[in-house]
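Residue numbering for the sequence shown is 1 to 611, as defined by the UniProt record's numbering.
Yeah, the Cβ is synthetic: ideal placement off N, Cα and C, and Gly gets one too.
Quantities reported herein were computed from a predicted structural model and do not represent experimental measurements.
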Amino acid sequence: MTASLCCFPVFQIAKKNKVAPLNDHPLDRILSDDETFEVKTAKQQPWKAPEFFRGAILPPGRMLAHQASMPRLPVPALSQTLEKYLRAVRPLLDDEEFQHTTQLVEEFGKPGGLGDSLQAKLQMRALERQSWLADWWLHTAYLDFRMSVVLHVSPGIVCPPQNFNGQEGQLKFAAQMVAGLLDYKVQIDNQSVPIDKLGKNSLCMDQYYKLFSACRIPGERRDQVVVYGPGSNVRPRHIVVAHNNKFFAVDVYDENWKPLSQDLIHAQLQKVVYYSRYPSEPVGILTSENRNTWGKIYKLLKKDKSNKASLDAINKSIFMLCLDQEVPRGDHRKSSIAHQLMHGGGSELNSGNRWFDKTLQFTVGTDGAIGLTYEHSPAEGPPIIALLDHMMDYCSQAPEVQETTVEPKEPERLPFTTNDKILEAIDNAKRGLDVQVKDLQLKPVTFHEYGKGFPKSQKMSPDSYIQIALQLAYYKLYKVPCATYESGSTRMFHLGRTDTIRSASVESLEFCKAMEDSGVPPGEKIALLKRAIDGHKKYAQEVPSKYDSFLCFGPVVPDGYGFCYNPREDHLNFCISAFNSSPETDADKLADSLHQSLLDMRELLSTQAKL
């Protein structure tokens, strides 16, 4: 579960705010815009629900058994939306600000007014589309976003370090990892992946078909996503392996579409390493650029026939595998690995050995460090976590022995022809990324005092418990509530993705104030804690990874924090991020405050038996 400590208000909160007239309201411009965003398949046609959902390509397996009957995402009643909005902003405003905001909301929601007019357009859109929100979410949250995907969009996931060292151990593990990923892909293609559930409710499985053979394509104003999955007229049989800033297309299926054995994959990786003994110009670092800038350079690269073929091979590949060079070991190995998964460590380390547009980009170092950088636009965390758990399960077993006489095609180098303009762009990208790398503060933390077993023993939701602990940690530092965006799921609905949970509430603020007031008796503090947790858990339920993995991502505002966590039974994994350039934030201080808050909450609850 992730939470980014920032707020994206629907209304601007200011004492002089006025509601814009209907013909000049930004939401009205969105609703009346005839230009629709397209997620393109290999056929370059507007994306719709995959044909196999309707049985045109594949017979429905258990994975899609419920798909046709899934409800569509409803449009909430306007009164409900406005009520939730006021409830979300109340803890963040003083009385005068809240009174003014309430007046704006009441004006907006008057019968026959602007709110009714926009609500009617939303309801019409919901009748015309399979999801009134899906393309807006993809478009606005991701593909119209013009900053670099590095730090700002793409999370890194650090998997448990492995017990190998050196290049041969790296290649053997990488081969097993590739085999495990292909094993999961076979299950997706065969529709045999178990249906995700939230309680008794089946969840939409659409995102699983957007994990493999997917890539983001830069544009000068707007990006797109290509997915070469079932139903596409292209069926890729290769992955792309990056080593020493060189890229290779490596077939991982034989001519009968059977995945290659681990031994053959290992042999292919050995060839890649041999063919790339010396580093090349880091063309891949261009993918870390501002999207408009990268879009222009991408167009320039494609003018060369060889470059276009290399770009097409990367875009169509099943996934990217980055075989990294060894990085300096500092005092904090977790932090070092997290930085590698977020950005590659900078232009002097492994950032050029990346293609940050690729949806799935797995990294294996020579020191046992492994993980994933994933471009966020096609899918949310739960399908990714399911994929990684399967991969780790597969790799924890003895290597599979497969007999095969098939000799795969040689790894194919994907060359890039450069000119002075492209080389200048690479130098600019290096400098820009290095600035971002130096600005990012990452603080991975393992809290060993207790895990999710403790809040469960108190009959409390672990997720809600951690969110309230975060509110308390922030309040201890800043003496104000923390405007918080927490990711929630709408996958109970067809093509559902993510909703926003505002974890800061009136109840959480009351609890935080009470905890900092020595005059409030313990019994009252406990009651306030339970109220805050009960209020939060109505909105949030997530399934964490079953391994000691942890996710990390950058703050989404300059003076904010990124906060990720994976609760285990007897300990809690966190990763906190901030920008060094902000004088307002400090990940180390927030981590210390969170540690103390978790201890304080346990001590508080331990007094129940004495009351």
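Exercise for review: Could you tell me which of LEU472, VAL250, VAL226, ARG221 sits nearest to ARG237, measuring between CA atoms?
Suggested key: Numbered from its first residue, the sequence shown carries residue 237 at position 237. It is VAL250 whose Cα lies nearest to the Cα of ARG237.
Review point. Along the chain, which unbroken stretches of the alpha helix (DSSP H) at least 4 residues long are found entirely within the region 164 to 217?
Key: Those alpha helix (DSSP H) runs which fall completely within the region 164 to 217 and span 4+ residues are 167 to 189.
Point to revise | Beta-carbon gap between GLU348 and LYS299 smaller than 9 angstroms | key: Sequence index remark: in the sequence shown, residue 348 carries index 348 (1-based). Sequence index remark: in the sequence shown, residue 299 carries index 299 (1-based). Not a contact, by the Cβ cut-off of 9 angstroms.
**Study point:** Own chain, CB closer than 7 angstroms to ARG146, minus 5 neighbours either side, in chain order
**Key:** Along the sequence shown, read from residue 1 onward, the residue named residue 146 stands at position 146. Apart from the 5 residues on each side of it in sequence, ARG146 sits with its Cβ closer than 7 angstroms to the Cβ of ASN290, ARG291, ASN292 in its chain, given in chain order.
Review point. Could you give the distance in angstroms between the alpha-carbon of ASN233 and the alpha-carbon of LEU423?
Key: Reading the sequence shown from its first residue, position 233 is the one you call residue 233. Reading the sequence shown from its first residue, position 423 is the one you call residue 423. Straight-line measurement puts the Cα of LEU423 at about 35 angstroms from the Cα of ASN233.
Practice item. Figure out for me which residue from GLY519, GLN471, CYS395 has the closest Cα to the Cα of GLN162. Key: Taking the sequence shown and counting its residues from 1, one reaches residue 162 at position 162. Nearest option by C-alpha distance: CYS395.
Practice item. Run the CB neighbour count on ASP420, radius 10 Å, all protein chains shown included, and call it buried at 16 or more, exposed below. Key: For this step, residue 420 is matched to residue 420 along the sequence shown. Answer is exposed; the Cβ neighbour count stays below 16.
Check your understanding: Can you tell me whether LYS305 is buried or exposed, with buried defined as 16 or more other CB within 10 angstroms of its CB?
Key -> Stepping through the sequence shown from its first residue, residue 305 is reached at position 305. The residue in question, LYS305, is exposed, as its Cβ has fewer than 16 Cβ neighbours within 10 Å.
Practice item. In the DSSP assignment, find the unbroken alpha helix (DSSP H) run with ILE576 in it and report its ends. Key: The residue you call residue 576 lines up with position 576 of the sequence shown. No alpha helix (DSSP H) holds ILE576; the beta strand (DSSP E) holding it covers 572 to 579.
Exercise for review: Rounded to whole angstroms, what's the CA-CA distance from TRP137 to GLY519? Just pull it up for me.
Suggested key: One-based indexing of the sequence shown puts residue 137 at position 137. One-based indexing of the sequence shown puts residue 519 at position 519. Each residue's Cα considered, the two are about 46 angstroms apart.
**Study point:** Minimum length 3: unbroken beta strand (DSSP E) runs contained in the region 347 to 420
**Key:** List check, beta strand (DSSP E) in window: 360 to 364, 370 to 374.
Practice item. Leaving out five residues on either side along the sequence, give the residues of the same chain with a beta carbon under 6 angstroms from the beta carbon of residue 615. Key: Given that the chain is displayed from residue 1 to residue 611, the structure contains no residue 615 and the question cannot be resolved.
Check your understanding: With 16 as the cutoff for other CB atoms within 10 Å, does ARG339 come out buried or exposed?
Key -> As a first step, residue 339 is located in the sequence shown; it is residue number 339 there, counting from the start. It is His, not Arg, that sits at residue 339 in the sequence shown. Result: buried.
Review point. From which residue to which residue does the beta strand (DSSP E) around VAL227 run?
Key: Within the sequence shown, numbered from 1, the residue matching residue 227 stands at position 227. Residues 224 to 227.
Review point. Does the region 497 to 512 come close enough to the region 433 to 444 to have 3 or more Cβ pairs within less than 8 angstroms?
Key: Taking a contact to require three or more Cβ pairs closer than 8 angstroms, the region 497 to 512 and the region 433 to 444 do not qualify as touching.
Check your understanding: Which residue spans inside the region 283 to 357 form an unbroken alpha helix (DSSP H) run of at least 4?
Key -> Here the runs fully enclosed are 291 to 302, 305 to 316, 333 to 343.
Check your understanding: Where do the N-terminal and C-terminal ends of the beta strand (DSSP E) with ALA242 fall, by residue?
Key -> Position 242 of the sequence shown, counted from the start, is the residue given in the question as residue 242. From DSSP, the beta strand (DSSP E) with ALA242 extends over 238 to 243.
Review point. How would you write the range of the alpha helix (DSSP H) that LYS530 sits in, first residue to last?
Key: Looking up residue 530 in the sequence shown gives position 530. Note, LYS530: alpha helix (DSSP H), 522 to 537.
Exercise for review: Please classify GLY112: is it buried, with 16 or more other beta-carbons within 10 angstroms of its beta-carbon, or exposed?
Suggested key: In the sequence shown, residue 112 corresponds to position 112, counting from 1. GLY112 comes out exposed.
Practice item. Count the other C-beta atoms from every protein chain shown that fall within 10 angstroms of the C-beta of ARG62, then say buried if there are 16 or more, exposed otherwise. Key: In the sequence shown, counting from the first residue as 1, residue 62 sits at position 62. Answer is exposed; the Cβ neighbour count stays below 16.
Point to revise | Range of the contiguous beta strand (DSSP E) that encloses PHE145 | key: Locating residue 145 in the sequence shown gives position 145, where the first residue counts as 1. In the DSSP assignment, PHE145 falls outside any beta strand (DSSP E) and carries neither an H nor an E.
Review point. By Cβ distance below 6 angstroms, which residues in the same chain neighbour ASP196 in space, the five residues on each side in sequence not counted?
Key: Position 196 of the sequence shown, counted from the first residue, corresponds to residue 196. Same-chain partners within the cutoff: LEU203.
**Study point:** alpha helix (DSSP H) segment containing PHE553, residue limits
**Key:** Residue 553 sits at position 553 when you count from the first residue of the sequence shown. For PHE553, there is no enclosing alpha helix (DSSP H), as DSSP marks it with neither H nor E.
Check your understanding: Does the beta-carbon distance from LEU211 to LEU387 come in below 9 angstroms?
Key -> By one-based count along the sequence shown, residue 211 stands at place 211. By one-based count along the sequence shown, residue 387 stands at place 387. Yes, Cβ-Cβ distance for LEU211 and LEU387 is below 9 angstroms.
Review point. What number of angstroms, rounded off, separates the C-alpha of LYS334 from the C-alpha of GLN596?
Key: For the purposes of this step, residue 334 is taken as residue 334 along the sequence shown, with counting starting at 1. For the purposes of this step, residue 596 is taken as residue 596 along the sequence shown, with counting starting at 1. So the alpha carbons of these two residues sit roughly 21 angstroms apart.
Review point. Beta carbon of HIS243, beta carbon of ASN353: below 9 angstroms?
Key: Counting from 1 along the sequence shown, the entry for residue 243 is found at position 243. Counting from 1 along the sequence shown, the entry for residue 353 is found at position 353. The answer is yes: Cβ separation under 9 angstroms.
Review point. Who are TYR253's beta bridge partners in DSSP?
Key: Within the sequence shown, the letter at position 253 stands for residue 253. BP columns for TYR253 point to PRO259.
Check your understanding: Contact between the region 487 to 503 and the region 120 to 140: three or more CB pairs below 8 angstroms?
Key -> With a cut-off of 8 angstroms, the region 120 to 140 and the region 487 to 503 count as touching, because enough Cβ pairs lie within range.
Point to revise | Euclidean distance between Cα positions of ASP24 and PRO415 | key: Looking up residue 24 in the sequence shown gives position 24. Looking up residue 415 in the sequence shown gives position 415. The pLDDT assigned to ASP24 is 40, lower than 50, so where the model puts this residue is not dependable, and the model offers no usable value.
Practice item. Figure out for me which residue from LEU171, ILE384, THR585, SER79 has the closest Cα to the Cα of LYS271. Key: In the sequence shown, counting from the first residue as 1, residue 271 sits at position 271. Among LEU171, ILE384, THR585, SER79, the Cα nearest to that of LYS271 belongs to LEU171.
Point to revise | N- and C-terminal bounds of the alpha helix (DSSP H) containing LEU82 | key: Within the sequence shown, the letter at position 82 stands for residue 82. Element bounds for LEU82: 78 to 89.
Point to revise | Span of the alpha helix (DSSP H), counted from its first residue to its last, around VAL506 | key: By 1-based counting over the sequence shown, the position of residue 506 is 506. Per DSSP, VAL506 belongs to the alpha helix (DSSP H) from 506 to 515.
Point to revise | Boundaries of the alpha helix (DSSP H) in which GLU113 is found, first to last residue | key: Position 113 of the sequence shown holds residue 113. Correcting the residue type first, residue 113 is Gly in the shown sequence and not Glu. Note, GLY113: premise wrong, no alpha helix (DSSP H); not H, not E.
Exercise for review: Reducing DSSP to helix, strand and coil, say where GLU424 ends up.
Suggested key: The sequence position of residue 424 within the sequence shown is 424, counting from 1. Note: GLU424 maps to helix in three-state DSSP.
Check your understanding: To the nearest whole angstrom, what separates the beta carbons of GLU380 and GLN207, a pair I think is in contact under 8 angstroms?
Key -> The residue you call residue 380 lines up with position 380 of the sequence shown. The residue you call residue 207 lines up with position 207 of the sequence shown. That belief holds up - the Cβ atoms of GLU380 and GLN207 are roughly 7 angstroms apart, short of 8 angstroms.
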